[in-house]
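Visitor: Please read through the structure below; I'll follow up with questions.
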Amino acid sequence: PPPASPSVLLQPSEPWTSPRPSRRMDDDDSEASRERSRSRSRSRSRERSPAGRSGRVKVGGMAQQAMKQWGLDEDKVVRWAEAQRLPGVGIADVERYRREHPGDDLAA
Numbered sequence: 068p069p070p071a072s073p074s075v076l077l078q079p080s081e082p083w084t085s086p087r088p089s090r091r092m093d094d095d096d097s098e099a100s101r102e103r104s105r106s107r108s109r110s111r112s113r114e115r116s117p118a119g120r121s122g123r124v125k126v127g128g129m130a131q132q133a134m135k136q137w138g139l140d141e142d143k144v145v146r147w148a149e150a151q152r153l154p155g156v157g158i159a160d161v162e163r164y165r166r167e168h169p170g171d172d173l174a175a
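The sequence shown begins at 68 in the numbering used here and counts up one residue at a time.
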């Protein structure tokens, strides 16, 4: 005999059941759910802001030491990093700042 096709496996008398029971939400529940979702989304976007929660870009330890050694103004570098939308300032960012702002570099 030929192999059974999928249409033969379900008999018309056997109702198909969903693996998950359907649940109808009334309008109040869905509106509250949407508001909670929006609230979570807003708080996540604040956490991902380039300035972080403190309102200032974080500066790594090596970057701080390099700025001190090269005579760079940390506030200027931080403002530059904020304008670049960087989440923080590392040594590579300080080197890039030096290339872009040769007049600020006292060690050059």
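From the three backbone atoms N, C-alpha and C, an ideal C-beta is built for every residue, glycine too.
1) Please classify V126: does DSSP put it in a helix, a strand, or coil?
2) What is the rounded straight-line gap between the Cα of G119 and the Cα of P154?
3) Should S129 go down as buried or exposed, given a rule of 16 or more other Cβ atoms within 10 Å for buried?
4) Does A159 pass the burial test, meaning 16 or more other C-beta atoms within 10 Å, or should it be called exposed?
5) For the putative contact between G138 and G157, defined by C-beta atoms under 8 angstroms, what is the C-beta separation to the nearest angstrom?
6) Could you tell me the boundaries of the alpha helix (DSSP H) in which D171 lies?
7) What are the boundary residues of the alpha helix (DSSP H) that includes R44?
8) Identify, in the order they occur along the chain, each residue of the same chain with its Cβ nearer than 7 angstroms to the Cβ of A148, setting aside the five sequence neighbours on each side.
9) I'd like the list of long-range same chain contacts for S116, defined as Cβ closer than 6 angstroms, with 5 residues on each side in sequence excluded.
Guide: Short version:
1) In the sequence shown, counting from the first residue as 1, residue 126 sits at position 59. Under the three-state reduction of DSSP output, V126 falls in the strand class.
2) Working through the sequence shown from its first residue, we reach residue 119 at position 52. Working through the sequence shown from its first residue, we reach residue 154 at position 87. Caution is warranted here: a pLDDT of 44 is assigned to G119, below 50, making its placement in the model unreliable, and the coordinate value is therefore given only provisionally. Rounded to the nearest angstrom, the gap between the Cα atoms of G119 and P154 is 7 angstroms.
3) For the purposes of this step, residue 129 is taken as residue 62 along the sequence shown, with counting starting at 1. The sequence given here places Met at residue 129; Ser does not occur at that position. Exposed, by the Cβ-count rule.
4) Reading the sequence shown from its first residue, position 92 is the one you call residue 159. Result: exposed.
5) Position 71 of the sequence shown, counted from the start, is the residue given in the question as residue 138. Position 90 of the sequence shown, counted from the start, is the residue given in the question as residue 157. Rounded, the Cβ-Cβ distance is 19 angstroms, inconsistent with contact.
6) Locating residue 171 in the sequence shown gives position 104, counting from the first residue. That residue, D171, is in no alpha helix (DSSP H); it is neither H nor E in DSSP.
7) Residue 44 lies beyond the residue range present for the chain, which begins at 68 and ends at 175; the question has no answer from this structure.
8) Counting from 1 along the sequence shown, the entry for residue 148 is found at position 81. Counting only residues of its own chain and dropping the five nearest sequence neighbours on each side, A148 has a CB closer than 7 angstroms to the CB of V124, V156 and D160.
9) Locating residue 116 in the sequence shown gives position 49, counting from the first residue. Low per-residue confidence applies at S116: pLDDT is 46, beneath 50, and the placement is therefore not dependable, though the value from the model is reported in the following sentence. Cβ neighbours of S116 beyond the five flanking positions: none.
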